[in-house]
Amino acid sequence: MMRRLLLTAGLILLLLPASQAQNAWINEFHYDNAGADANEFVEIVLENAGSFDLSDFTLVLYNGANGEAYGTHSLDTFTEGVTDGNYTLYYKYIASIQNGAPDGLALCYQGNVIQFLSYEGAFTAVDGCAAGATSTDIGVAEDGNGSSSESLQLIGSGSEYDEFSGWFIATASPGDPNDPMQTLISRPVVNETKGLSYETIQEAIDNADPGDEITLAPGVYTESITIDRPISLIGTLEDLLDKRARSRPAPRRTQSVGCTLPVVIDASGNAIGINITASNVYLADFCITGATNANLYTNSVISDLTLSNIESVNAGPYGHGLDLHNDAVVTTLNIYTSYFAGNFIGIRIRGSLDGGEINGSFFEQNRHSGLYTTHGSDATGSTYVRYLNIFNTGFYDNPCKAVYAEKLSRTHFLNVEVQHSGTAADADCAYPEAIDINLKYGSYERLRFERVTVTGSIGEGLHIKGRADYGNASVDDVVIQDSYFASNSIGVAIGGNVGQSWGLSIVSSAIVNNGNEPDRYLYKDNTPTSYATRGGVLIYGVPDDAWINVGYNCIVNNGTVEYNDTYGFGLANVSNATVEAVNVWWGQPTGPVFFTGTFTEGNYVFGNVQTSPFATEPHADIEGCGGPTGTCTLATLGTLQKLNSSTGRAQILGPDGILVVQNSPLQPNVNLQLVGVTDGDGNSVFTETSPGVWEYTGGGQPPTEAWAYYQRIDTNDPTNQFFLQVSTVCPSESDGTLEAHLDPHFSFQDALPTTFAVHGAAPNPFHTRTTLAVELPQAARVMARVFDLLGREVARITDRELPAGTHRLVWEPNGLSGGTYLLRLEVREADGTYHRHTQLLTFVR
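Numbered per the working numbering, the sequence shown spans residues 46 to 890.
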């Protein structure tokens, strides 16, 4: 029943400071009808209700005759209605709302008036939260002749009160928008801390306070932004489970590169996508694309920059996914589960970086390189990159380099895979290589390459050199361990000022099948003599005081095609440096073959290399060694469990049978003493035959599960670490056993987990095994299965009751082909709580 329409909504009294304003308003009410008044109510709209304590909002009813309040109702006493986008409607039936003329209603927040409306005239409040304020007459009234099923309603379209058209009388709809005459328009950018929304990201940033969290609704935002204050900027994922446990899909080497996340910031036509000038910035769950120079950029002195689940793709022809520019000094850069693809360079660092981590991320199809650190035009060595950890990360199809570094110190590569990078030379790339550590202008140290897999480069798989011709640069204390280099022109090359104090070591690694495709390596001028040196390991031009240790490795089947300078292990321009390659499996029990001038089979040793003693059979614990590695499985750690304040136990899993559990001869325990070993059921079937050495004496088949018990030496010392060596049954080894050194070092847990948590399987992609960690605050039934992409179960990792504690579930896909698999974890805790986690895994053979 239509009566009167006021074409403007009127004035809202906003007496709060702008930084504290709340977007809430009175949206509908009924106070008068024919006969006895009935169904009187008030409806309030609140944007981003989850950001507030409802008790902070109050509705105050005013008597216009004297300006006094006659009723107060807090919003937490209202009934919650529908939520429409960012807006939640609340309503309350309130008997005896006065009939005018005039009377009014005030909406207040923490005692401050947000809105003061009246009907049938205006007046000034004398008390309550609107004291001293004059009301705004809405211009429409109920005259006492209407129905109790009608109400006064705000109509039109808008995101806040003064954007709507005015008030109207229609059928009441408490708890619902005033359809069909009202449309609530949700603005896509929300400051969750303040509960305010905005049309653009930059507007939200400009109105944010330090520490505010800003969220972005799914959609495309066409803008370039500057972040000049500490904030969190987070995209909304369409599936909440994705936000809690998102797993990056397998690299899409045959697919086009683009955004897959539902929130996209399109910076096309702008030099910079996101310019970061402030510290303590957290970016998560969105894609940034299209900037000419850099999608993400800083040229400032900042600290604590975090990227989590960010896609930075398809910057301009010479644009970068992330650029730490010339004057940038960044302290702590953390990048988690992010994706840099289709750029010229994924991450370029021309400024300085002091600390950080790249974990669980992908660098794919960047036109030049994945990660690139450079001095630029600075020949003073004043910039630096140090204390950077690169964990569980993959580099795929970056044609010039996966990693190029002119400055890099105290950096750890762990569970890193490089495939098909360093595969093409062009005008921007004279020397394609997979990982090129080309250090200039300074002294560098402590580089670690652990469980690194590099395959498919037409240049070096890993090239480390200290450039004497660029500021007499040097690098020392370098360790390459548990790694795999195959199908490259050269597996590993070491040159220049390297290893002069602490040395350079390559241990427990497989360097196999490199240098065997000569036609593929002719990238310089396509002549047979051009850059055709190829093979397994090359040491060149190192100083006389260098120490190079290449011990306990597999160097097999390299340079097997007769061509210029083929070798398994070669020295060039090395005079008096100490170069050792002992305990190496060379592919035959008779040891290495030294080149004598006539090519017969390849994998030769060139130069003055100490090779004795050598291995007479393959190292079964080195994947890719060429021996019967599939017949034996290394032992692993399972649960770490605290028993009381001074004792704990570690679970050992050895599928082939556990024979000996002992303190590691390589590393002493820290504040812990090994005091006993039992089988998985707690039976004392191990005997201490010498201090710290426990051998199986139970008879019959040795157990596949054991517990190692530890006693704290000083219960007040929080530093507790243990190091184990476990021997398991292995018929292919000469002594019938296979030794596993259980590194990295596992900490003794001081307390059981307080909440359930899953740490996704890592490494991923992986070459031999991957490990999933599950934290159980109470005992639970745990089932972990692996399926192929046709839905067939191919492995059951575990299906049993597990006690409270942290459990590491290991999958070794023996006998399966490389490819993508689905891991499904199901956990039902003792109290009935159910959890499920799924993750795509990529197995690379």
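Heads up, the beta-carbon is just placed ideally off N, CA and C, and yes, glycines get one too.
So what's Asp522 in DSSP terms, helix, strand or just coil? For the purposes of this step, residue 522 is identified with residue 477 of the sequence shown, where counting begins at 1. DSSP places Asp522 in strand when its eight states are reduced to three.
Looking only at its own chain, which residues have a Cβ that is under 6 Å from the Cβ of Pro848, when we skip the five neighbours before and after it? The residue given as residue 848 occupies position 803 in the sequence shown. These residues qualify, in order along the chain: Ala824.
If you reduce the DSSP assignment to three classes, tell me which class Ala875 lands in. As a position in the sequence shown, residue 875 is number 830, starting the count at 1. Reduced to three states, the DSSP call for Ala875 is coil.
Measuring only the C-alpha atoms, how far is Gly850 from Val771? As a first step, residue 850 must be located in the sequence shown, where it is residue number 805. As a first step, residue 771 must be located in the sequence shown, where it is residue number 726. Gly850 and Val771: Cα-Cα distance of roughly 22 Å.
Buried or exposed: which applies to Glu495, given that a residue is buried once 16 or more other Cβ atoms fall within 10 Å of its Cβ? Counting from 1 along the sequence shown, the entry for residue 495 is found at position 450. The residue is buried, with at least 16 neighbouring Cβ atoms inside 10 Å.
Quick one: what's got a C-beta closer than 6 Å to Asp77's C-beta in the same chain, skipping five residues either side? Position 32 of the sequence shown holds residue 77. Excluding its 5 nearest sequence neighbours in each direction, Asp77 has C-beta neighbours in its own chain below 6 Å: Asn144, Glu187 and Gly189, listed in chain order.
Determine which residues share a DSSP beta bridge with Val601 and list them. The residue labelled residue 601 in the question sits at position 556 within the sequence shown. According to DSSP, which records beta bridges pairwise, Val601 is partnered with Val557.
Are the CB atoms of Ala806 and Leu870 nearer to each other than 7 Å? Residue mapping note: residue 806 aligns to position 761 of the sequence shown, counting from 1. Residue mapping note: residue 870 aligns to position 825 of the sequence shown, counting from 1. For Ala806 and Leu870, no; Cβs fall outside 7 Å.
Among Glu451, Val234, Gln155 and Gln227, which residue has its Cα nearest to the Cα of Thr422? Stepping through the sequence shown from its first residue, residue 422 is reached at position 377. Per the sequence presented here, residue 422 reads as Ser, with Thr not at that position. Nearest option by C-alpha distance: Glu451.
Compute the Euclidean distance between the alpha carbons of Val346 and Pro225, then round it to the nearest angstrom. Reading the sequence shown from its first residue, position 301 is the one you call residue 346. Reading the sequence shown from its first residue, position 180 is the one you call residue 225. Roughly 53 Å between the two C-alpha positions.
Quick check on Asp251: buried or exposed, where buried means 16 or more other Cβ atoms within 10 Å of its Cβ? As a first step, residue 251 must be located in the sequence shown, where it is residue number 206. Exposed.
How is Ile71 classed by DSSP in three states: helix, strand or coil? Stepping through the sequence shown from its first residue, residue 71 is reached at position 26. In the structure shown, Ile71 sits in a strand (DSSP, three-state: E or B).
Unbroken stretches of the beta strand (DSSP E), 3 residues or longer, contained in the region 353-430: Listed in chain order, they are 365-369, 374-381, 384-386, 390-394, 397-404, 407-409 and 414-418.
Have a look at Thr749 and Ser709 and give me their C-alpha separation to the nearest angstrom. Residue 749 sits at position 704 when you count from the first residue of the sequence shown. Residue 709 sits at position 664 when you count from the first residue of the sequence shown. Each residue's Cα considered, the two are about 20 Å apart.
With Ile246 as the anchor, note down where its alpha helix (DSSP H) starts and where it stops. For the purposes of this step, residue 246 is taken as the residue at position 201 of the sequence shown. Its alpha helix (DSSP H) spans residues Ile246 to Asp251.
Phe408 beta carbon less than 7 Å from that of Ile435: By 1-based counting over the sequence shown, the position of residue 435 is 390. By 1-based counting over the sequence shown, the position of residue 408 is 363. It is not a contact, given that the beta carbons lie outside the stated cut-off.
At which residues does the beta strand (DSSP E) containing Phe213 begin and terminate? By 1-based counting over the sequence shown, the position of residue 213 is 168. Counting along the chain, the beta strand (DSSP E) containing Phe213 begins and ends at Gly211 to Thr216.
Start and end of the beta strand (DSSP E) containing Asp148? Position 103 of the sequence shown, counted from the start, is the residue given in the question as residue 148. Residues Asp148 to Tyr154.
Give me the residue from Tyr132, Ser141, Gln198 and Leu821 with the minimum Cα distance to Tyr162. Start at 1 with the first residue of the sequence shown, and residue 162 comes out as number 117. This sequence places Leu at residue 162; Tyr is not what is there. Comparing Cα-Cα distances from Leu162 to each of Tyr132, Ser141, Gln198 and Leu821, the minimum goes to Gln198.
What is the rounded straight-line gap between the Cα of Glu237 and the Cα of Asp98? Position 192 of the sequence shown holds residue 237. Position 53 of the sequence shown holds residue 98. Approximately 13 Å, taken between the alpha carbons.
Buried versus exposed call for Trp547 [16 or more other C-beta atoms within 10 Å across all chains shown]: Translated into positions along the sequence shown, residue 547 becomes position 502. Exposed, since its Cβ has fewer than 16 Cβ neighbours within 10 Å.
Where Leu197 sits in the DSSP three-state scheme: Looking up residue 197 in the sequence shown gives position 152. Leu197: strand per DSSP, three-state reduction.
How long is the line joining the alpha carbons of Arg841 and Arg830, rounded to whole angstroms? Numbered from 1 along the sequence shown, position 796 holds the residue referred to as residue 841. Numbered from 1 along the sequence shown, position 785 holds the residue referred to as residue 830. Whole-angstrom Cα-Cα distance: 4 Å.
Pull up the CB-CB distance for Thr500 and Ala531, whole angstroms please, since I reckon it's below 8 Å. Locating residue 500 in the sequence shown gives position 455, where the first residue counts as 1. Locating residue 531 in the sequence shown gives position 486, where the first residue counts as 1. Between Ala531 and Thr500 the Cβ distance is about 5 Å, and since that is below 8 Å, they are a contact.
Simplified DSSP assignment, three categories, for Ser231: As a position in the sequence shown, residue 231 is number 186, starting the count at 1. Note: Ser231 maps to coil in three-state DSSP.
Leaving out the 5 sequence neighbours to the left and right, which residues in its chain are closer than 6 Å to Arg814 when beta-carbon positions are compared? Here the question's residue 814 lines up with position 769 in the sequence shown. Counting only Cβ-Cβ distances below 6 Å, and skipping sequence neighbours, we find Val855 and Glu857.
Measure the CB-CB distance between Asp833 and Tyr866 and report whether it falls below 7 Å. Numbered from 1 along the sequence shown, position 788 holds the residue referred to as residue 833. Numbered from 1 along the sequence shown, position 821 holds the residue referred to as residue 866. In this structure, Tyr866 lies closer than 7 Å to Asp833 by Cβ.
Ends of the beta strand (DSSP E) at Asp724? Position 679 of the sequence shown, counting from 1, holds the residue named residue 724. It spans Leu717 to Asp724 - the beta strand (DSSP E) in which Asp724 sits, taken as one unbroken run.
Figure out for me which residue from Ala386, Gln756, Ala249 and Arg232 has the closest Cα to the Cα of Gly264. Within the sequence shown, residue 264 is the residue found at index 219, counting from 1. Residue Arg232 is the option with its Cα nearest to Gly264.
Quick one, are the C-beta atoms of Thr684 and His413 less than 7 Å apart? Position 639 of the sequence shown, counted from the first residue, corresponds to residue 684. Position 368 of the sequence shown, counted from the first residue, corresponds to residue 413. For Thr684 and His413, no; Cβs fall outside 7 Å.
Glu562 in three-state terms, based on DSSP: Residue 562 sits at position 517 when you count from the first residue of the sequence shown. Coil, per DSSP.
What did DSSP end up calling Thr122 once you bin it into helix, strand or coil? Here residue 122 corresponds to residue number 77 of the sequence shown, with the count starting at 1. Three-state DSSP puts Thr122 in a helix.
Secondary structure, alpha helix (DSSP H): runs of 4+ residues fully inside the region 758-843: none
Please confirm whether Asn648 and Gly699 have their CB atoms less than 7 Å apart. Position 603 of the sequence shown holds residue 648. Position 654 of the sequence shown holds residue 699. No; because the gap between Cβ atoms is not below 7 Å, this pair is not in contact.
Is the region 334-348 touching the region 373-380, taking contact as three or more C-beta pairs under 8 Å? yes
For Asp349, does the three-state DSSP call read helix, strand or coil? Mapped onto the sequence shown, residue 349 falls at position 304. Note: Asp349 maps to strand in three-state DSSP.
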